[in-house]
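A short write-up of the structure that comes next.
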Amino acid sequence: MDKRKTYDRIARFYDLLDLPFEHRRYLPLRRALFAGVNGALLDAGVGTGRNFPFYPSGAEVVGIDLSPAMLQRATQRKDALGTAVELREMNVTQLAFDDDRFDAVIATFLFCVLDSKHQLPALKELGRVCRPRGTIHILEYAISQHPLRRFIMKIWAPWVRFAYGAAFDRNTGQYLDAAGLELVEKKFLYKDIIKLLTVRPKTP
Ligand SMILES: C[S@@+](CC[C@H](N)C(=O)[O-])C[C@H]1O[C@@H](n2cnc3c(N)ncnc32)[C@H](O)[C@@H]1O
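Numbered by this note's numbering, the letters in the sequence shown go through residues 156 to 359 in order.
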């Protein structure tokens with residue numbers, strides 16, 4: 156599936172479609188995520204810039220995204236909020252940054268979108284550009300173990316696949332070792348359906 160086309164198509168509606176989830180679920184998670192990071196930050200799959208209000212003051216942030224239309228929305232938000240962020244069109248599987256460039260990398264709901272074959276290359280790239288002892292923070296969906304929530308997620312899954320090219324069950328954690336990354340912490344931030352993986356490059 157061509158994710159650039161998918162997001163160029165949905166960019167105009169993205170914030171509107173996500174609005175109920177943004178307010179009920181995502182806002183506190185974004186706040187918590189950025190509370191613990193600073194320095195040179197990469198916001199990978201920056202989208203329309205939903206993370207902008209939570210960037211720590213003084214941080215030097217670069218946001219990258221595959222979709223020009225999503226980046227256009229992000230530029231509008233950057234101008235409206237006065238956010239200090241450099242926005243660049245880039246594929247997370249081929250980052251145009253030097254090794255060890257960032258103190259921390261944040262990817263909110265990017266890995267739900269990446270197909271299986273892109274998960275490992277993307278993780279390797281994030282590990283390459285993250286400095287030793289830096290951290291990579293991945294917020295992603297997981298399929299609930301709770302029968303009713305699981306049922307509802309299964310009903311939503313075809314829409315989520317069509318509209319966002321996303322899936323609830325990517326299980327990004329399975330690629331960490333092959334990508335040269337180690338798990339620092341894994342915890343659920345919203346029920347048992349939104350989880351945060353904190354990882355870092357393995358030290359020899
Ligand atoms: C579900 S949205 C999440 C956006 C934002 N991080 C947020 O939290 O609202 C996923 C974003 O990842 C971008 N994306 C998908 N595949 C990508 C890739 N290979 N490289 C960079 N960005 C990608 C999409 O264009 C989209 O903006």
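Ideal Cβ placement from N, Cα and C applies to all residues, glycine included. This one's a predicted model, so the numbers in the text were calculated from it and none came from an experiment.
For ligand 1, list every residue whose C-beta falls under 5 Å from any of its heavy atoms, going in chain order. Taking a cut-off of 5 Å from the heavy atoms of ligand 1, the residues with a C-beta inside it are Lys158, Tyr162, Gly200, Gly202, Arg205, Asp220, Leu221, Ser222, Met225, Asn246, Val247, Thr263, Phe264, Leu265 and Val268.
By Cβ distance below 6 Å, which residues in the same chain neighbour Tyr330 in space, the five residues on each side in sequence not counted? Once the five neighbours on either side are set aside, the close Cβ partners of Tyr330 are Gln274, Leu275 and Leu278.
Looking at Tyr345 and Arg180, is the spacing between their C-beta atoms short of 8 Å? For Arg180 and Tyr345, yes; Cβs fall inside 8 Å.
Minimum length 4: unbroken alpha helix (DSSP H) runs contained in the segment 164-251: Along the length of the segment 164-251, whole alpha helix (DSSP H) runs at least 4 residues long occupy 182-190 and 223-236, reported in chain order.
What's the gap between the Cα of Glu241 and the Cα of Leu196? Using only the alpha carbons, I get a separation of about 10 Å.
So for Ile307, helix, strand or coil by DSSP? Note: Ile307 maps to helix in three-state DSSP.
Can you tell me where the alpha helix (DSSP H) with Gly289 in it begins and where it stops? Segment Cys285 to Tyr296 is the beta strand (DSSP E) holding Gly289; no alpha helix (DSSP H) there.
On the premise that Leu265 lies in contact with Val247, defined as a C-beta separation below 8 Å, what is that separation, rounded to the nearest angstrom? With a contact defined as Cβ atoms closer than 8 Å, Val247 and Leu265 qualify at about 7 Å.
Below 8 Å, how does it come out for the segment 231-239 and the segment 256-263: are there three or more Cβ pairs, yes or no? No, the segment 231-239 is not in contact with the segment 256-263.
DSSP three-state call for Phe317: helix, strand or coil? Three-state result, Phe317: helix.
Selection from Glu337, Arg228 and Arg355 that minimises the alpha carbon distance to Arg286: Considering only alpha carbons, the answer is Arg355.
In whole angstroms, what separates the C-alpha of Gln249 from that of Asp198? Distance between Gln249 and Asp198, taken at the CA atoms: about 15 Å.
Please state whether DSSP places Pro276 in a helix, a strand or coil. Residue state for Pro276 is assigned as helix, using DSSP reduced to three classes.
I'd like the list of long-range same chain contacts for Glu177, defined as Cβ closer than 8 Å, with 5 residues on each side in sequence excluded. So the qualifying residues of the chain are Asp170 and Arg205.
Looking only at C-alpha atoms, which of Ile293, Asp173, Asp253 and Thr327 sits nearest to Arg284? The amino acid at residue 284 is misidentified as Arg; the sequence shows Val. Minimum Cα distance to Val284 is reached at Asp253.
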